[in-house]
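Residue numbers (the numbering used here): 59 to 187.
Backbone N, C-alpha and C define an ideal beta-carbon position, used for all residues, glycine too.
Below is one structure, written out as structure tokens; the observations come after it.
Right, here's the structure in full:
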């Protein structure tokens with residue numbers, strides 16, 4: 059059993075292929091979209107929403123959770139995040155979830171940020187504590 063632990067199967071070797079330098083941008087975009095879709099599954103967000111955001115230039119900057127119960131947003135309400143940041147809502151949106159996952163997205167072209175809490179998009183701003 060110990061001698062088999064270090065053996066590589068052909069499938070593992072095939073997974074490590076060389077990528078020409080010209081393909082890095084295309085490969086990077088595919089990886090980016092794959093990462094966005096995997097977050098869609100883990101957060102319960104619709105894959106179509108994250109795919110749309112990815113096509114619009116958004117990437118996942120950080121993934122965290124709300125600290126404690128999240129009852130939604132009122133304009134100006136502060137939502138503490140487990141990563142040490144605070145999300146300040148700028149809209150009214152009601153929800154009731156305990157420690158939902160939060161995705162902080164940033165547009166690579168414009169620098170604009172978006173926040174997804176439990177798969178729903180919220181308007182607001184992120185601050186450090």
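(1) Since residue 178 is in the beta strand (DSSP E), which residue starts that stretch and which ends it?
(2) Do residue 139 and residue 173 come within 7 Å of each other at the CB atom, strictly closer than that value?
(3) If you reduce the DSSP assignment to three classes, tell me which class residue 107 lands in.
(4) Mind checking residue 154: buried by the 16 CB within 10 Å criterion, or exposed?
(5) Measure from the alpha carbon of residue 177 to the alpha carbon of each residue in 157, 133, 186 and 170, then state which is nearest.
(6) Using CA coordinates, which residue listed in 164, 128 and 179 is at the minimum distance from residue 114?
(7) With H, G and I counted as helix, E and B as strand and the rest as coil, what does DSSP make of residue 112?
(8) Just to confirm before moving on: does the CB-CB distance between residue 162 and residue 119 stay below 7 Å?
(9) Is there at least one non-hydrogen atom of the ligand ATP closer than 6 Å to the beta-carbon of residue 108?
On the basis of the data shown:
(1) 178-180
(2) no
(3) helix
(4) exposed
(5) 157
(6) 164
(7) helix
(8) yes
(9) The model depicted lacks the ligand ATP and carries no ligand whatsoever.
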